[in-house]
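Colleague: Mind looking over this structure? Questions follow.
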Amino acid sequence: MSVKARTEVSVEVRVGIADSPRELQVSSGLTPDEVEAQVADALKSGSGQLTLVDQKGARFVIPAARIAYVEIGPSDARRVGFTTE
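Residue numbers for the sequence shown, in this note's numbering: 429 to 513.
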């Protein structure tokens, strides 16, 4: 898959952090299966951390022991305009 095609795929990843009232929301260029594989690897690996990179290149490092939940869903593209119905 080309880089251009990869950037068009966008998923929203929401990570709930234990003992935190807020969740981390990352817009990723990965597929849902790729994100799920990264989460599974982080939870079972010895490194004990999940690293996500958003579409702008910002890195988010979350300790695996603090992950309460991970929600992976389609990105809601914000639409601007008017409809006529």
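Even for Gly, the Cβ is constructed at its ideal location relative to N, Cα and C.
Below 6 Å CB to CB, which residues in the same chain sit around Arg442 once its five sequence neighbours on both sides are set aside?
Modeller: Cβ within range, chain order: Glu451, Gln453, Glu499.
Colleague: Helix, strand or coil, according to DSSP, for Gln483 in the structure here?
Modeller: If DSSP states are grouped into helix, strand and coil, Gln483 belongs with coil.
Colleague: Would Leu471 and Ala492 be called neighbours here (beta carbons separated by less than 8 Å)?
Modeller: Result yes, Cβ atoms of Leu471 and Ala492 sit closer than 8 Å.
Colleague: So the alpha helix (DSSP H) Leu471 belongs to, where does it begin and stop?
Modeller: Its alpha helix (DSSP H) spans residues 460-472.
Colleague: In the DSSP output, what is Gly501 paired with across the bridge?
Modeller: In DSSP, Gly501 forms a bridge with Glu440.
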